[in-house]
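J.:
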Amino acid sequence: MKFSFSLCFLVFFFLETSAFDDDALSFLHYYRSCPDVEKIIHNKVKQWVAKDYTLAPALMRLHFHDCAVRGCDASVLLNHQGSERRSNVSKSLRGFEVIDDIKAEIEKKCPKTVSCADILTAAARDATVLAGGPFWQVPYGRKDGRVSIAKEAEMVPMGHERVTDLIEFYQSKGLNILDLVALSGAHTIGRSTCGSLQFRLFNYMGTGKPDPTINPKYLNFLRRKCRWASEYVDLDATTPKTFDVQYFKNVQNKMGLLRTDQILYSDSRTAPLVNALASQTHVFHHQFAASMVKLGNVQDYLSADDGEIRVNCNCVNA
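Mind the numbering: the sequence shown is residues -19 to -1, 1 to 299 in mature numbering (1 follows the signal peptide of the UniProt record, and there is no 0), read in order.
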């Protein structure tokens, strides 16, 4: 009965979050102006991921950080003094060279036509697919922002927040609790630095003891692995290279790497959704795709006049 309630609850939310009514974006935006744009992006992402599979989660994360600040406007790609990209919290972001490579190729075929924001959004989708995740149609028509401020990069959740903080952050972007849990499932692949979780291993909240929500065997593993803050550890210790529901099963078994992973199973608002998404891969895939569409539609600029189509993703047009 408990599972049935969770699944029905999830289906209700899925129907609500699958709707797409943003008139500013269109699946046919480049139909005439750059018909091969998706083919170019897919081929380039495939080439890069084939050389380094860690670029798949890196591109997904880069897209999230972009949309989390000023909406999906490629502000995270701007590379100048005082930009989001230069912020200390952005130092672990990767994948910029992939976007630059894609942009250069597209400019040869369709100059001054395709925005960097659209490229990053589609690249994140293709990276997900190449990692074994779901495919979804990406609506296009985003503009590239002209403003990027390092301080604003600190708005992105960093792994220490409470569930209420996470919910409020997502709601500020037009996303809901189900989007929070589903998009957290991106941690089924990728890595994190040990520095982001060492506080859980030895002196949690000043107690002098480890976080009690960590599985004891997993705790011992992490203590051996994370001798230095600069070391990397897989977000999913069980199937680190596979886009599956193991992330949610890990959370159920007290093996969520980040605090913001594990607390999803300690809160009555999010725990039922963790259970529902852990139960069936196709349910997770469908919801992840729906939530990624919603994430990619976050736009904070007020009108088309507030954006541009950058020629170089690293700097605004002259």
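All C-beta atoms, glycine included, are put in the ideal place defined by N, C-alpha and C. As the structure is a computational prediction, the values presented were derived from the model and not from experiment.
Could you check if Met236 is buried or exposed, using at least 16 other CB atoms within 10 Å of its CB as the buried criterion?
T.: buried
J.: What distance in whole Å lies between the Cβ atoms of Gln280 and Arg123, which are believed to be in contact at a cut-off of 8 Å?
T.: 7 Å
J.: Return the chain-ordered ranges of every alpha helix (DSSP H) run that is complete within the segment 28 to 71 and spans a minimum of 4 residues.
T.: 36 to 49
J.: Return the chain-ordered list of same chain residues with a C-beta closer than 8 Å to the C-beta of Phe8, the five sequence neighbours on each side being excluded.
T.: Gln118, Val119, Pro120, Tyr121
J.: Go ahead and label His141 buried or exposed: buried means 16 or more other beta carbons lie within 10 angstroms of its beta carbon, across all protein chains shown.
T.: exposed
J.: For Thr262, I'd like the list of residues in its chain whose CB is within less than 7 Å of its CB, leaving aside the five on either flank, ordered along the chain.
T.: Asp225, Val226
J.: For Leu216 versus His168, is the C-beta distance shorter than 8 Å?
T.: yes
J.: Which term fits Arg143, buried or exposed, when burial requires 16 or more other beta carbons within 10 angstroms of its beta carbon?
T.: exposed
J.: Using 8 Å as the cut-off, can you tell me whether the segment 20 to 30 makes contact with the segment 95 to 114, which would need three or more C-beta pairs spanning the two stretches below that distance?
T.: yes
J.: Using the beta-carbon count (16 or more within 10 Å), is Phe116 buried or exposed?
T.: Burial call: exposed.
J.: With three or more C-beta pairs closer than 8 Å as the rule, is the segment 247 to 258 touching the segment 77 to 89?
T.: no
J.: Does the distance from the C-beta atom of Val255 to that of Val162 stay below 8 Å?
T.: yes
J.: Please report the distance separating the alpha-carbon of His61 from that of Val214.
T.: 30 Å
J.: From Val297 to Asp47, what does the alpha carbon distance come to, in whole angstroms?
T.: 16 Å
J.: Among Glu135, Thr219, Gln179, Lys222, which residue has its Cα nearest to the Cα of Arg204?
T.: Gln179
J.: Taking DSSP's pairing of strands, which residues face Glu289 in a bridge?
T.: BP columns for Glu289 point to Asp125.
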